[in-house]
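Asks: Below is a structure I'd like to ask you about.
In full-length UniProt numbering, the protein residues as written are 1 to 139.
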């Protein structure tokens, strides 16, 4: 398997005339999973080349719930307050696509470069993942 199939590059220049000035935006990756979702279960590393050591993680499928064993027999084995609370959990959209927040930025009067690299940490193949695009929304 070629190495490059485990890496996805996104390079875009966001021009000031297409966004509101002095506004904080979030960028969402719109996607559909491949038939074999086992390659999408691990968190994907996202490197922001605009930030020195800018690294975060996203999920393409919801992470599994970690069971928590309670001290009493009647306590729940799943503790929702201890679940992952990041905003990198994918959400189902009404148009049938999934989305996950991958980046945030502040607009100025200058163009804003977006240079993101998505890497599968287990070196698994990302082919079959369908990308609709990146959607920008004010925060």
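Where a beta carbon is used, it is the ideal one built from N, C-alpha and C, also for glycine. The model shown is predicted, which means the values in this text are computed figures rather than measured ones.
Helix, strand or coil, according to DSSP, for residue 17 in the structure here?
Replies: Numbered from its first residue, the chain shown carries residue 17 at position 17. It is helical.
Asks: Out of 134, 105, 136, 127, point me to the one whose CA is closest to residue 33's CA.
Replies: Taking the chain shown and counting its residues from 1, the one referred to as residue 33 is at position 33. Nearest of 134, 105, 136, 127 to residue 33, Cα basis: 127.
Asks: In chain order, what residues of the same chain lie with their CB nearer than 6 Å to the CB of residue 49, ignoring the 5 residues before and after it?
Replies: Walking along the chain shown from the start, residue 49 turns up at place 49. Hits under 6 Å: 115.
Asks: Within a Cβ cutoff of 6 Å, which residues of the same chain sit near residue 105, ignoring the five residues on either side of it in sequence?
Replies: As a working mapping, residue 105 is identified with position 105 in the chain shown. The residues are 25, 112.
Asks: Should residue 55 go down as buried or exposed, given a rule of 16 or more other Cβ atoms within 10 Å for buried?
Replies: As a first step, residue 55 must be located in the chain shown, where it is residue number 55. The residue in question, residue 55, is exposed, as its Cβ has fewer than 16 Cβ neighbours within 10 Å.
Asks: In the DSSP assignment, what residue or residues form a beta bridge with residue 101?
Replies: The residue labelled residue 101 in the question sits at position 101 within the chain shown. DSSP output for residue 101 lists 28 as bridge partner(s).
Asks: Are the CB atoms of residue 100 and residue 60 nearer to each other than 8 Å?
Replies: Locating residue 100 in the chain shown gives position 100, where the first residue counts as 1. Locating residue 60 in the chain shown gives position 60, where the first residue counts as 1. In this structure, residue 60 lies closer than 8 Å to residue 100 by Cβ.
Asks: Between the Cα of residue 94 and those of 30, 40, 121, 124, spot the shortest distance and give me the residue it belongs to.
Replies: Counting from one through the chain shown, the residue named residue 94 turns up at place 94. Here the closest residue by C-alpha is 30.
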